[in-house]
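Structure record follows, encoded as C-alpha cells.
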Amino acid sequence: MPALNVEFSDRELEDLRQIAKERGTSMKALVREAAAADIARHRALQEGAEAFRRFFSAHADEFAAAFPEDEPAGHGAGRVA
100 MPALNVEFSD RELEDLRQIA KERGTSMKAL VREAAAADIA RHRALQEGAE AFRRFFSAHA
160 DEFAAAFPED EPAGHGAGRV A
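Structure, rendered in C-alpha cells:
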C-alpha cells in the first residue's frame with residue numbers, strides 16, 4: 100500500500116498522541132481515519148453540488164420566472180416561462 104510522510108508541528112504531534120490515546124487507537128489509524136473522513140466529505144460535497152447543478156439546469160426557466168430580479172442583465176431572452 101502506498102504511504103505518505105506528513106510533517107506536524109510539535110504541538111500538533113502531541114495533540115495527535117493525546118487524541119489517539121484517548122480513543123484507544125494508534126496515531127497512524129487516527130490520521131488515516133481523519134483523511135478518509137475528509138475524502139468522503141469532499142466527495143459528498145461534489146456529488147451534492149452536481150445534483151444541485153442538474154436540478155437548477157432542469158428548472159432554470161422556473162427560477163428565472165420566480166426570481167427575475169436575480170437574473171443577469173441580458174439573460175432570459177428566448178426563455179419560455
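For the numbering used here, add 99 to where a residue sits in the sequence shown, where the first one is 1. Backbone N, C-alpha and C define an ideal beta-carbon position, used for all residues, glycine too.
What do you reckon, are the CB atoms on residue i and residue j nearer than 9 Å?
i	j	result
L129	I118	yes
In whole angstroms, what separates the C-alpha of residue i from that of residue j?
i	j	result
P167	H141	33 Å
A163	R152	15 Å
N104	R131	12 Å
M100	A148	31 Å
Would you please state the rounded distance, in angstroms, between the beta carbons of residue i and residue j? I believe it to be under 8 Å.
i	j	result
M126	R110	With 8 Å as the limit, M126 and R110 do not qualify as a contact, their Cβ atoms being about 14 Å apart.
Only counting the same chain, and skipping five residues up and downstream in sequence, which positions put a Cβ closer than 7 Å to that of residue i?
i	result
F155	F162
F107	L115
Helix, strand or coil for residue i, going by three-state DSSP, please let me know.
i	result
S125	coil
V105	coil
H141	helix
In chain order, what residues of the same chain lie with their CB nearer than 8 Å to the CB of residue i, ignoring the 5 residues before and after it?
i	result
E170	A163
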